[in-house]
Each structure stands twice: as structure tokens, then as C-alpha cells.
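Asks: The structure follows.
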DNA sequence: ATCCCTCGAGTTCA
DNA sequence: CTCGAGGGAT
């Protein structure tokens, strides 16, 4: 360094040009080669000198000067720009078997040839496309929908690892793709600042990066130090590159940083070894990865494989099972259920977890909430129970903002302001106001649902209006609605109103069991409704049944009997049922007649799991029942058959453990169809 | 009294 | 899907 100073040109413009060259060179040594020659203070000194020089001689400023990373004025908004070559997404695999299946597809597609693969870390950041014209960065765009994204050039320029001009023998026009991301250390630094300022914590680097790219003021974006790696050139079929491996080398020659962790593998076994190695090692990285990307190396092979409209056939992502994710708890809201239960719900910054984007999760009840002690503003860890339902595990004490206060248990119903009361035995808080609009809506939703009265078109939007306007207070009111009242609802055309009216009318024919289920009597669901309806056959006899008589029925005990008895003793409920009768509801059970055919499944218990081709869950349950079988919801030793469709989960495993007969859909049809 | 099987209730997301 | 708890068998 010192030696070069001797022939530093003295003229300001030459000095400025030299400084720019040096700064670019050191940037490159730092970010691309990872072999810095000078330390940070020395680098900053060069930058400072250039800044003051440019301040004295503003005419010396060039658009690609390293001092111009933070552009001038904040933007009014982001322009949408089209990608010349679409940014395809990559298919995911989640286990070695799926990856081997990919390998087999590839080799079949190559007529048996064995391709080389390149593995790359799949950094959890934001995909980006950068365009260089004559070596100058002219545009940076997010992936968006793959066809068009947002122009984030001003913010991308603040990423120090992004060269503003290319080096080497670059083509006149070049579009490159990479991933912008944030290191864990940087996130920790930002959070320390935010904590001191009493601002909400940033939960994860990915969201923070995405947020930073969308900041309208590049000066603020510059304060969030982001990083980038490049992994591809956007090119068409006739590209000049021989292999992916060489493309990566070329990117480095242009001064574009690439990952040092990419590897070339001779077959899928070698790839799986790399995956296994990183499974343990990934925690030691200073940034987050959610898996690896595996790409066929040779360009000739890629061309033979081609792409579907969504993704290339020559690349696949391998994702590590992301069991837990971190996000920020933005708010705790309180929901009112159909029985008046107040349930606290965690509203979170959306975060990807095990294949979906999670933003809400139940906190069950206020005792549970107090036990977990999560507070608004906390960073929380969430996981998915059985790959489906998100749960809040815990908060991260180090990331708790200073002012976070424990959630206050509501003393009034948040929906109607009514009195709340703690369930004597249970842990639940309940709104006691039976005409609380939230409860009314929930009860009506249940009444109209598929497993009850099955009124098509009676969705939440319609019910909201009907209840808010006071037209409907209970199930009986639905049958008094006029056609013009329906038509006057928002977003309701004449045709939709007619359909809805017809659906309401049709629901009058539902058998007693469905009506009972719809009434929402405590402890009485679909199954118990069936039992009661088939025992009594009509509403009248059931209503007058004494408690002792009810308990004599198989599967009805003290608790259920008392609940049913109480329900029919209550004046309001009797009045409602009288009104339903006036409106002409059937209110009788349709007993199985011998004309229904043979009861092939008599005494047999079935459980259904997974997605079926020709049945909905309800329709197969109906079919089982008409044939005299029992459709149950959980597998046990008492289960005779499990019908397993696509994506069967834990039930299938349990059935195998217990030695329960497992049927495919076709096998089930064969059994049922021979009727 | 205790176990096991089910049901009901509350739950999320595409 | 999971939890808690009702119902019945032991």
C-alpha cells in the first residue's frame, strides 16, 4: 500500500479516479475473494477521502462512484418491472427418497446419462435479479411473481457486496441472479439498537431483508447492512456457458461474489452426503439456510431436460425440516366462540413454516397465556403440531423489548361488552350474554354448516350482515327472510339471492339428526345427534324425554343427558323450536329402510384419512353409514378398516402398528360396490 | 377406581 | 390435529 502512494497523481480528478479504483478493488478482495489486504479503518479512510474530494469538486462525481451507494431522495413508491427472462421457482423435496426420485427423473430424461450435480446453500433471503449494461448496474428487481417484480435499485446499491461496475471481460449486457440476505450478527446489532430505542424487535433475518428492500428511503435501507451471493446468469437456451460450475467462476471474474460453499458432486449419493454434512454444520453459519439447491451442472444436460412453466427440471431444492420458526408477536386478540368462550389469539408477523405461511395461532386460554407469559412485541418461537396447526412455544427473553407488558385478562366481552365469567371447573372465560353478536354469528355458522343444515351460500360475509343489521338473531329468523331482504345485502346479486333463498328452503327437509347437531346443544355433536335422532325419531318425543330415560340410551351418560334436558327445558329454546316448526321444518328422522339395500358394513368400524379421489370426507362417511357401518374419527384396536388416501399421516402409522386393515380407495369401492 | 375408546370443541391454511 | 373429558367396560 505505502509504496503505491509515491506515484499517486496529484490532480484532483486523477486522485478521485484512483481512489475509486482502489475502493472497488478492496471491496472485491473483501467480498469476492475473501482475502482483504487492508483493515476496515484503512478502507474507511479511502472512502472518506473520496467523499471530501467529491464534496469540494462536485463535478467529479460519477454515478457509479462508491460514494453514490446511498442515492438522493426517498422514493414515492416502487415501479413494477418485467423480467426479460422469468425468474422460475424451484421445486422442493423434503427427504432423501424424494431427492432420489428427482435423480431418477433426471437420468431418465438424459437417456441414462449420469450428470454431475452442483450443490449450493439455500440461503433464507430474498431472490433478486440485477442488470448490468456496459458493466454498470442499471437495475435491480425482486422476484415478484416470477414474471414481474419491484424495482429496488436504490436499495440494492446500498449493499456493499454489490459491485456498481463489473470487472474483467464482461458482456455488453448481463443479467445476474442472486440472493440478498442478512447475517445473524447484523440482525443482533439492529435489535440491540431497537431495544435501546424501545422499538419492536426484528424476528428473523429474512423478513428484515425483505422489509429493508421495500424501504422507500435508501438512507434507512443503508443502515441495515445486507449481503448478497450470486448464483446464476439469466440467459436463454443459446447461452455460452458450458456448465454451472463455470458460470460461477465467471461471475467471480466479473467481481460478483458467489458462495464458497458450493460443491460439485459426481452423483446423488455424493449430494446426499453434502446434505447430511450441512444438517449439523448449518448452525455454525453466520446466516440462516433452509436447505440446499441441487443443480445439474452441464449446460447440454440442462437443455435436454428443459423446464415446465413453473420450474426447471434440472434443479431441485432440498429443504431441511423446519420445525421451529421465529417471528414477532404483533398483537393478542380475543375471539368469542359459539359457546361464548373467550380465546386469546396470537397475531404474528407472517413467517414461513413447514410449507405454509403462519400468521395466527391460538393461545388456548388465559391461564395458558399467563403460563407462557408471551407479550405483545415479543419474539416467539412457533412450531406446527402434526405439521398442521401452529403453536406458540415460548418467547425469547433476550429479544423482549423493554416496555413489554403482560396481557391483561379481559373483564368484559370484547365483542358485546357483556359480563364474562370463569367456567367453574374449566379454565375458560365465557361471555354470558347469549345474544352477544359474536356468539350468535358462530352459532348460526354452525347451524348452516355442511355437517348440520348444509345451507350453501350462507357464509361468514352474509351472516355478518344479517346479524349486524338485526335481521337475524337465531336460526328461526333465517326461515323468515324475504327475497328482497336477501337481495338488499351487500355484494349480493339477484341470482345469488335466489340461490341462497332456495338453499334455505331446501334445508327445511334435513332430517332430525342434522337439525339437532345444528342447534349446538352442549356435548351434542354429530354422532350424539345421530344416536338421539334414531332413538326418538321425532323432535316432540325427544323434547319431552325425562333425564332418566336419556341416560338409559347407549352412549348417553349423565352429562349429556343433563345438557339435552336443560336445553329443551329452557323457554327460549322451546319457543325457537316452535317457530322452526311453523316454518315447516321436517324435524323427523328418516329411519333406515330395507329398501336402502343390504347393510354390508353392519357392525364394522371405519376410519378415513388422507385425500381421496372420488369422495369428500362427508360423502364417504355417508356411504359407510348407509351400508350400516360406523364412521369413526380416530384409529384404535377397535377399528376394523382404515381407508387411506393421498398424504395419509399419523393415522396410517397407527393403523399399521395396531395391525388394522388398511384399504385403498379402490379396495373400499370394491367392498362397498358389490352391494 | 381405572383404562380405553370416542366424541366435542377449538383450531390453521391453501 | 390435538386436547380434555364423557361414557362404558372392567
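Numbering (this note's numbering), first residue to last: 9 to 683.
We put the CB at the ideal spot given by N, CA and C, even for glycine.
Treat the numbers as computed from the prediction; the structure is a model and nothing was measured.
1) Measuring alpha carbon to alpha carbon, tell me which of 607, 21, 348, 185 ends up nearest residue 92.
2) What residues are listed by DSSP as bridge partners for residue 390?
3) In the DSSP assignment, find the unbroken alpha helix (DSSP H) run with residue 220 in it and report its ends.
4) Return the chain-ordered list of same chain residues with a C-beta closer than 6 Å to the C-beta of residue 385, the five sequence neighbours on each side being excluded.
5) Evaluate contact between the stretch 577-595 and the stretch 514-524, counting only Cβ atoms and requiring at least three cross-stretch pairs below 8 Å.
6) Should the stretch 619-638 be regarded as contacting the stretch 563-571, the criterion being three or more beta carbon pairs within less than 8 Å?
7) Give the straight-line distance between the Cα atoms of residue 445 and residue 474, rounded to the nearest whole angstrom.
8) Can you list, in chain order, the residues of its chain whose CB lies under 6 Å from that of residue 492, leaving out five sequence neighbours each side?
9) Going by the DSSP bridge assignment, what does residue 366 pair with across the sheet?
10) From the DSSP output, read off the bridge partner residues of residue 186.
11) Let me know the secondary structure DSSP gives residue 291 once reduced to three states.
12) Name the residue from 226, 112, 118, 95 whose alpha carbon lies nearest to the alpha carbon of residue 77.
13) Flag this pair as touching only if the stretch 194-206 and the stretch 303-318 have three or more C-beta atom pairs under 8 Å; answer yes or no.
14) Are the beta-carbon atoms belonging to residue 360 and residue 263 less than 8 Å from one another?
15) Should residue 527 and residue 540 be called a contact, given that it needs their Cβ atoms to be closer than 8 Å?
16) By the three-class DSSP mapping on this structure, what secondary structure does residue 664 have?
17) Does the structure place the stretch 337-348 close enough to the stretch 115-132 that three or more beta carbon pairs sit under 8 Å?
18) Would you mind working out which of 310, 370, 451, 365 sits nearest residue 339, comparing C-alpha positions?
19) State buried or exposed for residue 477, treating a residue as buried only when at least 16 other CB atoms are found within 10 Å of its CB.
20) To which residues of the same chain is residue 159 closer than 8 Å at the C-beta, ignoring the five residues directly before and after it?
21) Please report the residue range of the alpha helix (DSSP H) in which residue 539 lies.
22) Tell me the rounded alpha-carbon separation between residue 659 and residue 639.
23) Which residues in the same chain have their Cβ closer than 8 Å to the Cβ of residue 644, if we skip the five residues on either side of it in sequence?
24) What do you get for residue 252, buried or exposed, if any count of 16 or more other CB atoms within 10 angstroms of its CB means buried?
25) Please state the DSSP three-state secondary structure of residue 178.
26) Evaluate the contact criterion for the stretch 132-141 versus the stretch 174-190: three or more CB pairs, one atom per stretch, below 8 Å.
27) Here's the rule: buried if 16 or more other CB atoms are within 10 angstroms of the residue's CB, otherwise exposed. What is residue 629?
28) Beta-carbon within less than 8 Å of residue 14's beta-carbon, same chain only, minus the 5 sequence neighbours each way: which residues are those?
29) Cβ atoms of residue 144 and residue 173: under 8 Å apart, would you say?
30) I'd like to know whether the C-beta atoms of residue 442 and residue 427 end up nearer to each other than 8 Å.
31) Can you give me the C-alpha to C-alpha distance between residue 480 and residue 521, rounded to a whole angstrom?
32) Exposed or buried, what is residue 157 when buried is set at 16 or more other beta-carbons lying within 10 Å of its beta-carbon?
33) Could you check whether the stretch 317-334 touches the stretch 98-105, counting it as contact only if at least three pairs of C-beta atoms, one from each stretch, sit closer than 8 Å?
34) Three-state secondary structure (DSSP) at residue 159?
35) Measuring alpha carbon to alpha carbon, tell me which residue in 105, 466, 337 is nearest residue 381.
36) For my contact list, residue 635 and residue 651 are in at a C-beta cut-off of 8 Å; report their separation, rounded to the angstrom.
Replies: Taking the structure as given:
1) The candidate whose alpha carbon is nearest that of residue 92 is 185.
2) For residue 390, which the question treats as bridged, DSSP gives the partners 333, 400.
3) Residues 213-221.
4) Answer for residue 385: 208, 409, 412, listed in chain order.
5) Counting C-beta pairs with one atom in each stretch, the stretch 577-595 and the stretch 514-524 have three or more that are closer than 8 Å, which means they touch.
6) Contact between the stretch 619-638 and the stretch 563-571 is absent: fewer than 3 CB-CB pairs across the two stretches fall below 8 Å.
7) The alpha-carbon atoms of residue 445 and residue 474 are separated by roughly 10 Å.
8) Around residue 492: no qualifying Cβ.
9) DSSP output for residue 366 lists 359 as bridge partner(s).
10) The partner list for residue 186 (beta bridge, DSSP) reads 136, 238.
11) Assigned with DSSP and collapsed to three states, residue 291 falls in helix.
12) Residue 77 has its Cα closest to that of 226, out of 226, 112, 118, 95.
13) With a cut-off of 8 Å, the stretch 303-318 and the stretch 194-206 do not count as touching, because too few Cβ pairs lie within range.
14) Not in contact: residue 360 and residue 263 (Cβ atoms no closer than 8 Å).
15) In this structure, residue 540 does not lie closer than 8 Å to residue 527 by Cβ.
16) In the three-state reduction of the DSSP assignment, residue 664 falls in the helix class, which pools H, G and I.
17) Not touching, per the Cβ criterion.
18) Comparing Cα-Cα distances from residue 339 to each of 310, 370, 451, 365, the minimum goes to 370.
19) Answer is exposed; the Cβ neighbour count stays below 16.
20) For residue 159, the CB contacts under 8 Å within the same chain, skipping 5 residues up- and downstream, are 86, 87, 88, 89, 147, 148, 149 in chain order.
21) In the DSSP assignment, residue 539 falls within the unbroken alpha helix (DSSP H) covering 534-544.
22) When rounded, the distance between both Cα atoms is 14 Å.
23) Sequence-distant Cβ neighbours of residue 644 in its own chain, meaning closer than 8 Å and more than five residues away, are 666.
24) Buried, because 16 or more other Cβ atoms sit within 10 Å of the Cβ of residue 252.
25) Here residue 178 sits in coil by DSSP.
26) The answer is yes - the stretch 174-190 touches the stretch 132-141, with three or more Cβ pairs under 8 Å.
27) It counts as buried.
28) Because the pLDDT at residue 14 is just 42, under 50, the model does not fix this residue reliably, and the point stays unresolved.
29) For residue 173 and residue 144, yes; Cβs fall inside 8 Å.
30) Taking C-beta atoms as the reference points, residue 442 and residue 427 fail to come closer than 8 Å.
31) Roughly 23 Å between the two C-alpha positions.
32) By the Cβ neighbour-count rule, residue 157 is buried, with 16 or more other Cβ atoms within 10 Å of its own.
33) These segments touch.
34) In the structure shown, residue 159 sits in a strand (DSSP, three-state: E or B).
35) For residue 381, the closest alpha carbon among the candidates 105, 466, 337 is that of 337.
36) Contact between residue 635 and residue 651 does not hold, since their C-beta atoms are separated by about 13 Å, which reaches or exceeds 8 Å.
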